[in-house]
Amino acid sequence: MREATEVLNFFNGAWSPSAGENTLQIVNPATGEKLADNPLGDAGDVSRVVDAAARAFPDWRRTPPGERVQYLFKFKQLLEEHFEEIARLTTLEHGKTLAESRGELRRGIENVEVACGIPTLMQGYNLEDVARGIDETMIRQPLGVVAAVTPFNFPSMIPLWFLPYALACGNTFVLKPSERVPLTMRRVFELLERLQFPPGVVNLLNGNREVVDALIDHPDVRAVSFVGSTAVARHVYRSAAGQGKRVQCQGGAKNHVVILPDADMPTTTRIVSDSAFGCAGQRCLAVSAAVTVGEAREPFTRSMAEMARSIKVGYGLEEGVQMGPVVSRESQRRIEGAIGRGASEGAEVLLDGRNPGIPNYERGFFVSPTILDRVPPGSETSRTEIFGPVLSLIHVDSVEEAIEVVAGNPYGNAASIFTGSGAAARKFRYEVPVGNVGINIGVAAPMAYFPFSGWKDSFLGVLHGQGRDAVEFYTEKKVVIERWPREWSRKF
Ligand code: NAD
């Protein structure tokens, strides 16, 4: 079954076609079947959408927070009612399995739930008598029009890292989703339309780099949230910050897991396998390199190869399939190239997922689980984000060396350790220079009420997405210092 949808922008409370002339064909990555044409938009679209958002801001900011969140309570309800349908759309356009699409939508909805607490979260603080008879108060106010630019790999979850907080804080919001997966948000915005937000409060703008650049440059856009590759994150950060705008950019990743000999091998292998090959390795928190310490090497390598070999690859909508395709032919070729480069740099290709030939899905973009053993430290393979189902194995003799391997990587999104030793776990947690740490956890994904804390090349900015950081990001602080001398007032 196929759901072809016209990709439209949504602004001023209505749907509108893009004025841009170029289009990108959206295909189902498992079948190669065309799903839609995505018009890529131009600067004219950006002006129309941002102007609508700017006009809506004065009234929206005056809407009491308790009223603003009523829209979000209803939004959560609609997302629940349409949960399966949205998850299915994500699988159709992205390729991940239905279970994975459900998982990301669940994590997205959690952000809507957290943002419903804005009447409490957005409160400021105060102190009486900072000097005799003088009181001081900090209040938070919304910024104005804020924008988010999101990647292809979580079509439902990542936009929801931003949208609910931005709106609840009283900003008007423009979402520019990845041009490669426009259909999930198209459907979510149909639900938002039903909620009848005042026109211009919540807006959807499709397009690619040209639209992103015009969005950042628009004088009415006060803040930009970005998630995507590090190269683009740097560009967005430089451009927005250069114009004095508030900006947070989450970039790429190369996540390590360290396995100590005292880890429970069957459980560890199962968890690491899910982390490395879930979503076909296209998760910013996917484990990309496993570092075994001492005697963990042999049992982990053997058990990991067995586990990876057993993964059922296929169409994500089919029962029993554990891993879907990668998002595009281009990604498939890039990942296959990275596997070849790993071999030429001296790694042993323990499991080769190139050209897996999935029966009935010959036109799909499949790469099966791949393991590169003995990846040389410092090689390009050890440093570069592959963003596919490829796990590198690195073997060292001590926890110290393992931490050095993690620290030597330019990225700092996540790292995990598997061990029964509290002392080793504490040392790892204390020393490892990454922002999301897992201890006997494969995908160290913070809950919605904690910040998504990438470090180093995985994050540019100060305030992260989600939770209290999101509230800080989407509000401006204002401090009021008051003196009310009795003699200046009428006496009562
Ligand atoms: P991408 O950088 O290609 O695109 C992300 C967004 O930026 C898209 O909306 C795209 O239209 C826009 N864009 C692309 N090139 C641009 C340019 N030159 N100028 C302006 N805008 C541009 O990323 P992707 O391939 O969609 O997503 C995968 C990447 O995202 C991976 O590197 C992954 O690690 C990263 N990611 C990071 C996190 C995190 O939390 N750190 C989460 C998810 C994905």
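Going by numbering that gives the first Met the number 0, the letters in the sequence shown line up with residues 0 to 491, in that order. Backbone N, C-alpha and C fix where the C-beta goes; we use that ideal spot for every residue, glycine too. Quick caveat, the model's predicted, so the values are computed rather than measured.
Discussion item. Any contact between the stretch 314 to 325 and the stretch 423 to 432? By contact I mean 3 or more CB pairs, one from each, below 8 Å.
Written reply: Because the criterion of three Cβ pairs below 8 Å is not met, the stretch 314 to 325 and the stretch 423 to 432 do not touch.
Discussion item. For residue 437, which residues in the same chain have their Cβ closer than 8 Å to its Cβ, ignoring the five residues on either side in sequence?
Written reply: 256, 413, 414, 415, 416, 443, listed in sequence order.
Practice prompt. Keeping to the same chain, check which residues put their C-beta closer than 6 Å to that of residue 458; ignore five residues upstream and five downstream.
Written response: Correct list, in chain order: 249.
Fill in: Residues that DSSP places opposite residue 248 in a beta bridge
225, 459.
Worksheet item: Run through DSSP, which three-state label would residue 0 get?
Response: Reliability fails at residue 0, whose pLDDT of 38 lies under 50, so the model's placement of it is uncertain and no value is given.
Fill in: Meets three-Cβ-pair contact criterion under 8 Å: the stretch 208 to 220 and the stretch 182 to 194
Using a Cβ-Cβ distance cut-off of 8 Å, the stretch 208 to 220 and the stretch 182 to 194 are not in contact, since fewer than three pairs of beta carbons, one from each stretch, lie closer than that value.
Fill in: Residues bridged to residue 220 (per DSSP)
Residue 220 pairs with 144.
Practice prompt. Can you tell me the Cβ-Cβ gap for residue 166 and residue 67, rounded? I've got them flagged as a contact below 8 Å.
Written response: Their Cβ separation, rounded to whole angstroms, is 7 Å, which keeps residue 166 and residue 67 in contact under 8 Å.
Worksheet item: Can the beta-carbon of residue 279 be found closer than 9 Å to that of residue 387?
Response: Yes. Within cutoff.
Item to complete: Reducing DSSP to helix, strand and coil, say where residue 475 ends up.
Response: Of the three classes helix, strand and coil, the one that applies to residue 475 here is strand, per DSSP.
Fill in: Residue of 197, 241, 200 minimising C-alpha distance to residue 212
Comparing Cα-Cα distances from residue 212 to each of 197, 241, 200, the minimum goes to 241.
Worksheet item: Do the stretch 140 to 148 and the stretch 15 to 29 meet, that is, are 3 or more Cβ pairs less than 8 Å apart?
Response: Here the stretch 140 to 148 makes no contact with the stretch 15 to 29; the two share fewer than three CB pairs at distances below 8 Å.
Worksheet item: Touch check for the stretch 388 to 396 and the stretch 366 to 380: three-plus C-beta pairs under 8 Å?
Response: Yes, since at least three Cβ pairs between the stretch 388 to 396 and the stretch 366 to 380 fall closer than 8 Å, the two stretches touch.
Worksheet item: So, helix, strand or coil for residue 386, using DSSP?
Response: It is coil, neither helix nor strand.
Practice prompt. Using the Cα positions of residue 310 and residue 366, report the straight-line distance between them to the nearest angstrom.
Written response: The alpha-carbon atoms of residue 310 and residue 366 are separated by roughly 12 Å.
Worksheet item: Does DSSP classify residue 156 as helix, strand or coil?
Response: Residue state for residue 156 is assigned as helix, using DSSP reduced to three classes.
Item to complete: Could you work out which residue in 53, 20, 342 is closest to residue 379 when comparing CA atoms only?
Response: It is 342 whose Cα lies nearest to the Cα of residue 379.
Worksheet entry | Buried or exposed by the 16-neighbour rule on C-beta atoms within 10 Å, applied to residue 160 | Residue 160 comes out buried.
Worksheet item: CB of residue 336 to nearest heavy atom of the ligand NAD: below 8 Å?
Response: No; taking the cut-off as 8 Å, the Cβ of residue 336 has no heavy atom of the ligand NAD nearer than that.
Discussion item. Using 8 Å for Cβ pairs, my map puts residue 150 next to residue 226. What's the rounded Cβ distance?
Written reply: Confirmed, about 5 Å.
Worksheet item: For residue 384, does the count of other Cβ atoms within 10 angstroms reach 16, so buried, or fall short, so exposed?
Response: That one is buried.
Practice prompt. In the DSSP assignment, find the unbroken alpha helix (DSSP H) run with residue 38 in it and report its ends.
Written response: Counted as a single uninterrupted DSSP element, the stretch harbouring residue 38 is not any alpha helix (DSSP H) but the beta strand (DSSP E) occupying residues 33 to 38.
Item to complete: For residue 468, collect the residues of the same chain with a Cβ closer than 7 Å to its Cβ; drop the 5 residues on either side in sequence, then sort them by chain order.
Response: The residues are 450, 462.
Worksheet item: If we count the other Cβ atoms within 10 Å of its Cβ and call it buried at 16 or more, is residue 111 buried or exposed?
Response: It is buried - the Cβ of residue 111 has at least 16 other Cβ atoms within 10 Å.
Practice prompt. Using 8 Å as the cut-off, classify the Cβ of residue 499 as near or not near the heavy atoms of the ligand NAD, replying yes or no.
Written response: Because the chain here runs from 0 to 491, residue 499 falls outside it and cannot be looked at.
Discussion item. Just to confirm the assignment: which complete beta strand (DSSP E) runs, minimum length 3, are found wholly within the stretch 418 to 461?
Written reply: Segments of the beta strand (DSSP E) lying fully in the stretch 418 to 461: 435 to 438.
Worksheet item: Whose C-beta lies closer than 7 Å to the C-beta of residue 404 among residues of the same chain, with five residues either side of it excluded?
Response: Excluding five sequence positions before and after residue 404, the CB atoms of its chain that fall closer than 7 Å to its own CB belong to 255, 290, 376, 393, 395, given in chain order.
Discussion item. Contact defined as beta carbons within less than 8 Å: I believe residue 29 pairs with residue 102. What is the distance between those atoms, to the nearest angstrom?
Written reply: The C-beta distance from residue 29 to residue 102 rounds to 18 Å, too long to fall under 8 Å, and the pair is not in contact.
Item to complete: Kindly indicate which three-state DSSP category residue 51 falls into: helix, strand or coil?
Response: DSSP, read as helix, strand or coil, puts residue 51 in helix.
Worksheet item: Which runs of the alpha helix (DSSP H), 4 residues or longer, sit entirely within the stretch 325 to 394?
Response: Note on the stretch 325 to 394: whole alpha helix (DSSP H) runs with a minimum of 4 residues are 328 to 343, 379 to 382, in chain order.
Discussion item. So for residue 139, helix, strand or coil by DSSP?
Written reply: If DSSP states are grouped into helix, strand and coil, residue 139 belongs with the strands.
Item to complete: Would you mind working out which of 418, 54, 206 sits nearest residue 6, comparing C-alpha positions?
Response: If we check each option's Cα against that of residue 6, 206 comes out closest.
Fill in: residue 464, DSSP secondary structure in three states
Under the three-state reduction of DSSP, residue 464 is assigned to strand.
Practice prompt. Measure the beta-carbon distance from residue 411 to residue 432 and round it to whole angstroms, keeping in mind my assumption that it falls under 8 Å.
Written response: With a Cβ gap of about 6 Å, residue 411 and residue 432 count as contacting.
Worksheet item: Can a CB atom of chain B be found closer than 9 Å to the CB of residue 194?
Response: Here chain B cannot be found, since the structure has a single protein chain.
Worksheet item: So does residue 311 have its beta carbon nearer than 8 Å to some heavy atom of the ligand NAD?
Response: Result no, Cβ not under 8 Å from the ligand NAD.
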